[in-house]
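Structure, as structure tokens:
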Amino acid sequence: MTHDLPTPDAPLRIGTRGSPLALAQAYETRDRLMAAFDLEEAAFEIVVITTSGDNRQLIDADKPLKELGGKGLFTKEIEEDLLAGRIDIAVHSTKDMPVEQPEGLILDCFLPREDVRDAFVSTKYASLADLPEGARVGTSSLRRRAQLKARRPDLEIVEFRGNVQTRMKKLEAGVADATFLAMAGLSRLGMAKTASAPIAPEDMLPAVAQGTIGIERRIDDDRAAAMLGAIHHDETGHRLAAERAFLAGLDGSCQTPIGALAELNGDQLRLRGEILRPDGSEVIADDVTIPVAEAANAGREMARKMRAQAGPDFFEE
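Below, the structure is given as structure tokens:
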């Protein structure tokens, strides 16, 4: 590597939100960079950035995210700091990232993907099937909400946001009988046992890019590009090329009920995708297997077919 490596006097500044999960992901990124370049911890600085989404979440905890302005609320300030040079790279949960990056930024480094499954979490019931008629399920995810309504229209769904710890407190307080979290987040927090039961993708297709840490940088920062290139996981990159192309072809805002999962088997990639009406009354699904080299094209084509089948008002409440 021809560029100067970071030092304790001039550390690589890693931007992140301040939740326990966001910090765990930033530490994992730092540790992988330390190992790849034989650097000490002092050569990195974790910079915690409070986003407008973090503030709004505290004020408007019971409002759906869509009403507050969508998922960009949790990335805007971080990306502003990245563009201004106040941080060198930004660590994100890729499933929370809009498909389009602001001009001057690129998201092209992905760490090895964790468990993609959703987790059913309850202090009272062992699985989704055990929930009695009329039970209250807390979720802020439009995808999970629609998937639940499609499978269990008898359940009552309540708005449920906050970090993992906040949601667990809400469960214990009886705000809901059960909720869903990502297995990846629980695993990264050392809380995998919190899951009452992981849910197979066949029963609940995960969000696009679920379980993946994505690292954003400035397009013109050659040092960051070279360093991140050393820790990028090719297999995860191929899988996300298909899933994020599918999302882009449908609705890049992430504010519609969409599930997708790409899996590799040798040089073949299987892509499953689905879109749902918000009330769960209709599900359109597809499943293709294609060569890995065609990953992004397959995602775009699947989205095109589904859009044609769904018609213009499919995602309206």
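This note's numbering numbers the first residue of the sequence shown as 147 and each following residue consecutively. Where a beta carbon is used, it is the ideal one built from N, C-alpha and C, also for glycine. Please read these numbers as outputs of a predicted model, since none were measured by experiment.
Selected residue, minimal CA-CA separation from residue i, among the options
i	options	result
Leu277	Asp234, Leu335, Ser342	Ser342
Asp242	Met452, Gln356, Val429, Arg176	Gln356
Ala372	Pro154, Phe183, Thr153	Phe183
Arg423	Leu257, Asp264, Ile252, Leu294	Leu294
Ala230	Glu249, Leu219, Phe220, Pro244	Glu249
Ala387	Ala439, Glu223, Phe460	Ala439
Met180	Arg450, Ala376, Arg298, Leu228	Ala376
Cys255	Glu246, Val245, Val237, Pro244	Val237
Pro166	Arg363, Leu228, Met337, Glu225	Met337
Ala296	Leu393, Arg307, Leu351, Pro437	Leu351
Buried versus exposed call for residue i [16 or more other C-beta atoms within 10 Å across all chains shown]
i	result
Ser239	buried
Ser427	exposed
Backbone CA spacing between residue i and residue j [nearest angstrom]
i	j	result
Ser198	Ile233	18 Å
Gly445	Gly405	12 Å
Pro465	Asp349	As displayed, the chain neither begins before 147 nor continues past 463, which places residue 465 out of reach and without an answer.
Ala346	Pro154	44 Å
Arg390	Ala172	22 Å
Arg334	Glu174	9 Å
Met448	Gly383	19 Å
Arg450	Gly395	7 Å
Gly164	Val245	23 Å
Gln247	Ala353	19 Å
Close-in-space but distant-in-sequence residues of the same chain around residue i (CB under 6 Å, 5 per side omitted)
i	result
Glu381	Leu410
Ala330	Glu260, Asp261, Gly357
Arg290	Phe326
Nonlocal neighbours in the same chain, by C-beta distance under 7 Å from residue i, ignoring five residues either side
i	result
Ile430	Glu420, Ile421, Met452, Gln455, Ala456
Arg282	Glu302, Val304, Ala322, Asp323
Asp368	His149
Close-in-space but distant-in-sequence residues of the same chain around residue i (CB under 8 Å, 5 per side omitted)
i	result
Lys270	Asp323, Ala324
Arg176	Ile160, Glu187, Phe190, Ile192
Leu327	Asp264, Ala265, Val267, Val310, Arg313, Thr340, Ala341
Leu204	Unreliable positioning characterises Leu204 in this predicted model, as indicated by a pLDDT of 48, which lies under 50. A coordinate reading is not provided.
task = Within the segment 232–312, note down every full alpha helix (DSSP H) run reaching 4 residues or more, in order along the chain.
result = Here the runs fully enclosed are 288–297.
key: Uninterrupted beta strand (DSSP E) stretches inside the segment 339–417 (no shorter than 3 residues)   = The segment 339–417 contains these whole beta strand (DSSP E) runs: 343–345, 359–364, 404–411.
inquiry  = If we require 4 or more residues per run, which alpha helix (DSSP H) segments fall completely within the segment 432–463?
reply    = Fully enclosed alpha helix (DSSP H) runs of 4 or longer: 441–456.
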